[in-house]
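Residue numbers (my numbering): 1 to 399.
Listed below in structure tokens is the structure:
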């Protein structure tokens, strides 16, 4: 492989991921103006975003397998087209069911195609093995930077153009994704890392490995946290009497500090066992969430919470991908990480929807915040017994 090839894949993959995750980060800012302008319920809008998380998760292993077999270029390009269509439906469909269709089915499928499983799987295959963890951290940081950059951009678009104009501008921006996909390559070369060689063998080996299921359980918690906070933090901040700008800057800080967290995780993952790093990240999340709940909700406290959570936000992704690649090898990492990511998105579905239901049924977000604390400490524990050694070929055959 030419020495520039891994860097080209890393650069274009990171930019595509930054666009996808950055645009998605603006959705939480759209809920309040959309609800006020259309009269649609907060729970109905939140349900559309919750369905998005679930569709993202269900589609992830399917598009991951397609990328492993047919190559990432066609998958990411198709995801970019679906992104544009979904944003237009959200903005101009004219009804809550069409908003839910665009936000849920179209954007959910697009995020699967342009998301972590396909992009990080492509980067993992292209990267030199000795630098794989670093490359995964850099790609995750690229996506994180998009989350930071698009929040003030989205806030400005909503203020200047209204929520419909903002969605149109974001749709035009998403047209860059299919162009970036051209650099990601076609079908990978046929080679084997497991006896029997095929995708079916890799799936059987994973299904019989207890660490695979423990990793999925931990990633469920990550999804719950990420979706609940990204969708409902602006609303929670407003309910606490703070200015809307604090909610927007909180989401921006999550994205900014996520860049640092992803880079640090990528570096540390090459030196230490990722499962222990993951356990520490979730334990730290629990402490940060608990401290935030017990503190007065001032602008400084809220921004400090966002920065701390941002550092711990998607630092789990390169480490989780690294555990999957470390146990099963890189050939089918897009598919296998996609299955783990399905657990993440089931958690995300529940986190996004639970926030809306908690407000409508209980009048506040408190129950979901406390559930988030308990889940963080649960995730810290389940990573400890994972058997993360590379699965021998003989063991893979017998699984």
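Even for Gly, the Cβ is constructed at its ideal location relative to N, Cα and C.
The segment 169 to 182 and the segment 80 to 92 touch, with three or more beta-carbon pairs separated by less than 8 Å.
Within the segment 136 to 176, no run of alpha helix (DSSP H) reaches 4 residues while sitting entirely inside it. Around the CB of residue 362, fewer than 16 other CB atoms lie within 10 Å, so the residue is classed as exposed. For residue 286 and residue 375, the gap between their C-alpha atoms comes out near 8 Å. Sixteen is the threshold: since fewer than 16 other Cβ atoms of the shown chains lie within 10 Å of the Cβ of residue 370, the residue is exposed. Considering only 358, 35, 250, the residue with the shortest C-alpha distance to residue 94 is 35. A distance below 6 Å between beta-carbons, with the five flanking residues on each side excluded, links residue 319 to the following residues of its chain, in chain order: 265, 269, 274, 277, 278. No Cβ-Cβ contact shorter than 9 Å links residue 48 with residue 112.
Cβ neighbours of residue 334 within its own chain (closer than 7 Å, five residues either side excluded): 64, 67, 68, 117, 118, 121. Apart from sequence neighbours up to five positions away, the residues of its chain that approach residue 227 with a beta-carbon distance below 7 Å are 53, 348, 351, 352, ordered along the chain. Between residue 151 and residue 10 the beta-carbon gap is near 24 Å, outside 8 Å, which marks them as no contact. For residue 242, the secondary structure class from DSSP, reduced to helix, strand or coil, is coil. If you draw a 10 Å sphere on the C-beta of residue 372, you find 16 or more other C-beta atoms in it, and that means buried. When DSSP states are grouped into helix, strand and coil, residue 204 belongs to the helix group.
In this chain, the alpha helix (DSSP H) harbouring residue 353 covers 333 to 362. Here residue 78 is buried. Its C-beta has 16 or more other C-beta atoms within 10 Å. Nearest C-alpha to residue 96 among 41, 105, 59: 41. The C-beta of residue 125 has 16 or more other C-beta atoms within 10 Å across all chains shown, which makes the residue buried. Restricting attention to 15, 341, 155, 316, the CA atom closest to the CA of residue 139 is found in 15. Membership of residue 297 in any alpha helix (DSSP H) is not indicated, and neither H nor E is assigned to it by DSSP. In terms of CA proximity to residue 80, 21 leads the group 21, 46, 311.
Straight across, the Cα-Cα distance linking residue 19 with residue 254 is about 16 Å. Distance from the CA of residue 271 to the CA of residue 45, rounded to the nearest whole angstrom, comes to 43 Å. Assignment of residue 388 by DSSP, reduced to helix, strand and coil, places it in the coil class.
By the neighbour-count definition (other C-beta atoms within 10 Å, threshold 16), residue 356 is a buried residue. Where residue 372 is concerned, the enclosing alpha helix (DSSP H) starts and stops at 366 to 382. In this structure, the alpha-carbon of residue 283 lies about 11 Å from that of residue 290. With contacts defined by Cβ atoms closer than 9 Å, residue 379 and residue 311 do not form a contacting pair. Rounded to whole angstroms, the separation of the alpha carbons of residue 233 and residue 158 is 17 Å. In terms of Cα proximity to residue 326, the closest of 203, 342, 315, 387 is 387. In this structure, DSSP gives residue 225 a helical state, which the three-state scheme calls helix. Residue 35 carries a helical assignment under DSSP once its states are collapsed to helix, strand and coil.
With a contact defined as Cβ atoms closer than 8 Å, residue 26 and residue 154 qualify at about 3 Å. Pairing residue 385 with residue 209, the inter-Cα distance amounts to about 12 Å.
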